[in-house]
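Q: Residue numbers (the UniProt record's numbering): 1 to 137. Can you keep this structure in mind? I'll have questions shortly.
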Amino acid sequence: MDADRQLRPRKSVVRDGDLTDESEATRKGAIRAGLGDMGIIPGSMGASSFIVRGLGNADAYESASHGAGRKMSRNAARKRFTAEDLIAQTEGVECRKDSGVIDEIPGAYKDIDEVIAAQTDLVEVTARLRQVVCVKG
């Protein structure tokens with residue numbers, strides 16, 4: 001699978017019918033991105049998030065990703081990263097920085113800038129938000 005394809009929304013399913021009736025679309029891992037629809041695409045804890053406006057791309061079932069998406073499993077992240085890594089990767093963000101949240105470390109997620117760049121035909125960015133606080137369980 002090429003890199004661009006990995007950054008696209010996944011598991012969008014459309015039943016028979018067109019997308020003029022929202023009840024016809026079921027999305028998993030994606031947000032509604034019909035023409036003019038406003039949405040948010042969050043990054044990982046410590047990364048930027050984006051306010052977006054849908055472009056209504058019918059080829060993508062009027063959908064866009066709902067976030068950065070994992071590049072490794074929670075278990076793999078716990079094995080690979082330490083609390084020190086978490087502290088370094090979330091510098092400047094007020095959040096928990098202990099071993100209990102290592103599975104949410106930014107390094108376990110795809111680069112949100114690459115994810116957004118891969119969706120220029122799906123959404124337009126209206127605002128980029130800088131993370132200041134992250135609340136995790």
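All C-beta atoms, glycine included, are put in the ideal place defined by N, C-alpha and C.
(1) Could you compute how far the alpha carbon of Met1 sits from the alpha carbon of Leu35?
(2) In its own chain, which residues sit with a C-beta less than 6 Å from the C-beta of Gly56, not counting the 5 before and 5 after it?
(3) In terms of DSSP beta bridges, what is Glu94 paired with?
(4) Starting from the Cα of Arg130, find the closest Cα among Asp59, Ala108, Gly46 and give me that residue.
(5) If Glu104 and Lys136 are in contact, beta carbons under 8 Å, what's the gap, nearest whole angstrom?
(6) CB-CB under 8 Å to Asp113, same chain, minus the five flanking residues each way: which ones, in chain order?
(7) Count the other CB atoms within 10 Å of the CB of Arg27; is the residue buried (16 or more) or exposed (fewer)?
A: Reading off the structure:
(1) Bear in mind that a pLDDT of 49 at Met1, under 50, signals an unreliable position, so the number given afterwards is only what the model happens to contain. Computed Cα separation, rounded: 28 Å.
(2) Gly34, Leu35, Glu62
(3) Val133
(4) Gly46
(5) 6 Å
(6) Ser48
(7) buried
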